[in-house]
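Read left to right, the sequence shown gives residues 97 to 569 (the working numbering). The next block holds one structure in the form of structure tokens; read it before the comments.
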Amino acid sequence: MKKISNFLIMLLVLFVTTSHSQTINDALRLAFPGLGSSARALGMGNAYNALSYDYSGSLFNPAGLGTASNLEFSGSFIYNSLDNNTDFFGTQSDFTNNSTNLSQVGFVFPMPTAQGSLVFGLGFNQSKNFNSAVKFDGFNDGNTSMIQSLLGFGDVSYQLYLTDTTGTQTPINGRLNQSGDIIDEGKLNNWALSGAIEVAKGVFVGGTLNIISGNYKSDRRYYEDDTRNTYNSSVWTDPSEPFTADFQSFYVNDVLDWDISGWDFKFGLLYRFPQFLKIGATIKFPTQYTIKEKYYVEARSEFGTGTSVDMDPILNEIEYDITTPYEFTGAIAYEIAGLTLSAEGTFIDYTQMEFGDGLDAGLVSQNNRDIKSVFRSVLNYNVGLEYKLPYPFVSLRGGFIMQPSAYDNDPSEFNRKYFTAGIGLMPNKTLSLDLAYARGWWQNIGDNYGVNDSRTYQDITTDNFIMTIKYLF
Numbered sequence: 097m098k099k100i101s102n103f104l105i106m107l108l109v110l111f112v113t114t115s116h117s118q119t120i121n122d123a124l125r126l127a128f129p130g131l132g133s134s135a136r137a138l139g140m141g142n143a144y145n146a147l148s149y150d151y152s153g154s155l156f157n158p159a160g161l162g163t164a165s166n167l168e169f170s171g172s173f174i175y176n177s178l179d180n181n182t183d184f185f186g187t188q189s190d191f192t193n194n195s196t197n198l199s200q201v202g203f204v205f206p207m208p209t210a211q212g213s214l215v216f217g218l219g220f221n222q223s224k225n226f227n228s229a230v231k232f233d234g235f236n237d238g239n240t241s242m243i244q245s246l247l248g249f250g251d252v253s254y255q256l257y258l259t260d261t262t263g264t265q266t267p268i269n270g271r272l273n274q275s276g277d278i279i280d281e282g283k284l285n286n287w288a289l290s291g292a293i294e295v296a297k298g299v300f301v302g303g304t305l306n307i308i309s310g311n312y313k314s315d316r317r318y319y320e321d322d323t324r325n326t327y328n329s330s331v332w333t334d335p336s337e338p339f340t341a342d343f344q345s346f347y348v349n350d351v352l353d354w355d356i357s358g359w360d361f362k363f364g365l366l367y368r369f370p371q372f373l374k375i376g377a378t379i380k381f382p383t384q385y386t387i388k389e390k391y392y393v394e395a396r397s398e399f400g401t402g403t404s405v406d407m408d409p410i411l412n413e414i415e416y417d418i419t420t421p422y423e424f425t426g427a428i429a430y431e432i433a434g435l436t437l438s439a440e441g442t443f444i445d446y447t448q449m450e451f452g453d454g455l456d457a458g459l460v461s462q463n464n465r466d467i468k469s470v471f472r473s474v475l476n477y478n479v480g481l482e483y484k485l486p487y488p489f490v491s492l493r494g495g496f497i498m499q500p501s502a503y504d505n506d507p508s509e510f511n512r513k514y515f516t517a518g519i520g521l522m523p524n525k526t527l528s529l530d531l532a533y534a535r536g537w538w539q540n541i542g543d544n545y546g547v548n549d550s551r552t553y554q555d556i557t558t559d560n561f562i563m564t565i566k567y568l569f
């Protein structure tokens with residue numbers, strides 16, 4: 097008979113879930129760049145740093161706002177669909193997750209000046225969404241189980257009567273059907289205050305202060321079922337409890353829920369040559385995030401004796417800080433006779449991500465060491481073009497985005513790649529409508545527990561649509 101006070105159970109399980117819920121992947125989730133919120137920019141592969149002459153400059157290069165001469169309003173909606181085809185022990189599963197969000201609302205305010213320009217921008221940008229999904233279902237004939245990874249006095253396997261009275265031994269050692277799904281959702285929003293000034297003829301500098309809010313939720317369901325009667329009535333998972341004979345299934349549901357706040361600053365420079373050429377550069381300073389985290393766990397075991405055991409749900413709350421690295425971008429754009437060609441590169445050193453206050457000092461130290469050893473620096477690049485037809489005021493766009501994997505030694509298949517296309521309609525000098533589409537693809541892996549003990553191999557594709565309406569006063 098397992099006897100342990102509810103208070104001690106709470107302490108033990110809270111310790112377990114806390115120590116397993118903050119990992120280096122949490123830092124990467126915040127540091128890896130999104131696709132932005134502008135249809136014109138996305139249609140050109142987000143190669144927009146050397147252009148940025150509308151409200152989207154607050155996100156890409158605030159110096160570009162200095163080229164604006166009209167009061168402007170813009171608004172955007174974004175639709176994202178992610179499809180994940182998963183191979184799990186030879187069995188294919190497919191899962192899709194969709195989201196639709198308001199992605200941009202902004203104003204540009206040119207100020208009267210005796211010479212040069214002074215322009216301010218104020219608004220909102222969705223800088224990233226966390227939309228993701230994975231589903232898996234297959235027979236793992238190895239000698240491992242998640243039950244083994246949750247051993248310990250007072251831990252999940254103990255509470256479900258899947259161990260002996262010490263919590264350290266279980267007869268469950270693999271050969272189970274494993275299945276489940278994970279649904280991720282959420283977004284990051286930037287509330288932006290921008291300003292730009294022409295400091296010399298054709299030379300613009302600017303900055304954007306972003307106040308960040310957002311949310312993230314990951315909901316995982318995981319099952320292990322004895323579909324081949326490996327653990328029959330002669331096997332008691334708890335030798336002291338006859339009802340634990342004939343193990344049937346194990347289920348756990350854990351939900352990670354974040355409330356995100358933070359801030360950062362981006363400095364931009366834009367030089368407009370007299371003849372057709374523009375050069376842009378930005379420095380995005382490290383983003384300071386504060387995470388208010390809720391971590392929820394429930395679990396159940398079922399036996400052929402007709403008995404099922406439910407663990408009392410656990411809810412743990414904690415608050416901690418994460419800092420993401422600098423981002424350095426250089427860009428060039430060439431405009432002539434209705435044709436615009438643009439390209440840019442962004443350097444990010446993911447080894448400079450850091451966990452900060454709020455977590456146990458030992459966990460912070462270990463995570464920050466792991467970040468140094470697991471991640472690498474990368475160069476993202478974007479290329480794009482736009483051609484303005486003389487009639488009927490239509491612009492055609494295309495582009496390509498490359499976002500290399502942040503993990504050291506990852507193969508090129510893990511790099512995120514996007515082809516983009518777009519169209520712009522401007523029937524008069526005040527109103528415009530821009531539409532963009534981006535098709536992305538890459539591969540990924542995921543471990544349910546351990547390292548390569550229960551691994552999903554994932555082929556991911558995404559379809560992204562943005563619509564932007566802009567009005568010039």
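Virtual Cβ for every residue (Gly too), placed ideally from N, Cα, C.
Proximity to residue i [Cα-Cα], best of the options
i    : options                   : result
F156 : E168, F169, G132 and S177 : G132
P267 : D277, N328 and Y312       : N328
S189 : F226, S213 and D233       : D233
A534 : G212, G376, T386 and G130 : G130
A395 : M563, K566 and N349       : N349
L411 : V351, A433 and D445       : V351
Q521 : S491, K313 and G153       : The question names Gln, but residue 521 in the sequence shown is Leu. Of the candidates S491, K313 and G153, the one whose C-alpha sits nearest the C-alpha of L521 is S491.
T187 : Y567, I308, K231 and P409 : K231
Y477 : G495, V470, P488 and A164 : G495
Y385 : L284, R271, P206 and G217 : L284
S199 : N286, F569, A159 and L124 : N286
E482 : N121, A137 and L124       : A137
D649 : Y151, I243 and A429       : Because the chain spans 97 through 569 in this model, residue 649 falls outside it and cannot be assessed.
R55  : Q222, A127, Y151 and T163 : Summary: the structure shown does not reach residue 55, with the chain confined to residues 97 through 569, and so no result is reported for it.
Y553 : S245, S241 and Q539       : Q539
L258 : P335, E281 and Y319       : P335
A37  : G217, V479 and D543       : As displayed, the chain neither begins before 97 nor continues past 569, which places residue 37 out of reach and without an answer.
G52  : P486, K388, Y422 and I387 : No information on residue 52 is available, as it lies outside the stretch 97 to 569 that the chain covers here.
T326 : W359, N269, I293 and F381 : N269
A377 : S152, G160, L126 and N121 : G160
W359 : F249, D549 and P421       : P421
P507 : D530, A532 and I541       : I541
S473 : D504, P488, F203 and M498 : D504
K525 : G238, S165, G248 and G153 : S165
Assigned exposure category for residue i - 16 Cβ within 10 Å defines buried
i    : result
N570 : Nothing can be reported for residue 570, as the shown portion of the chain is limited to 97 through 569.
A427 : buried
F184 : buried
Y567 : exposed
S101 : Caution applies to S101, whose pLDDT of 36 falls short of 50 and renders its modelled position unreliable; the model cannot decide the point.
R465 : exposed
M207 : exposed
R324 : exposed
E440 : buried
D543 : exposed
V547 : exposed
K380 : buried
Q222 : buried
G536 : buried
F103 : Residue placement at F103 is flagged as unreliable, the pLDDT there being 34, under the threshold of 50; the coordinate-derived value follows with that caveat. By the 10 Å Cβ count, F103 comes out exposed.
A429 : buried
L527 : exposed
D322 : buried
N560 : buried
Opposing strand residues paired with residue i [DSSP bridges]
i    : result
S275 : D233 and Y319
L198 : F173
F561 : Y175 and Y533
N478 : E440 and I497
A292 : V215 and G302
P206 : V215
K224 : L284
K513 : M498 and W537
Q554 : T182 and N540
K313 : E281 and D353
V490 : L521
T419 : Q384 and E450
K566 : S170 and S528
Problem set entry | Sequence ranges, beta strand (DSSP E) only - wholly within the stretch 336-412, length at least 3 | Entirely contained in the stretch 336-412, the beta strand (DSSP E) runs reaching 3 residues are, in chain order, 343-368, 373-380, 384-399 and 404-406.
Exercise. Should the stretch 241-260 be regarded as contacting the stretch 173-188, the criterion being three or more beta carbon pairs within less than 8 Å?
Worked result: The stretch 241-260 vs the stretch 173-188: no contact.
Exercise. With a cut-off of 8 Å, do at least 3 Cβ pairs link the stretch 137-150 to the stretch 505-516?
Worked result: Short answer: they touch.
Exercise. Is the stretch 261-278 touching the stretch 287-303 in the sense that three or more CB pairs, one from each, lie closer than 8 Å?
Worked result: No contact exists between the stretch 287-303 and the stretch 261-278.
Exercise. Using 8 Å as the Cβ pair cut-off and three pairs as the minimum, do the stretch 167-176 and the stretch 304-314 touch?
Worked result: Three or more Cβ pairs closer than 8 Å define a contact, and the stretch 167-176 falls short of that threshold against the stretch 304-314.
Exercise. Between the stretch 351-366 and the stretch 331-342, do at least 3 Cβ pairs fall closer than 8 Å?
Worked result: Taking 8 Å as the limit for Cβ pairs, the verdict is that the stretch 331-342 does not touch the stretch 351-366.
For this session: Give a yes or no on contact between the stretch 445-463 and the stretch 411-423, applying the rule of three or more CB pairs nearer than 8 Å.
Result: Yes, the stretch 445-463 is in contact with the stretch 411-423.
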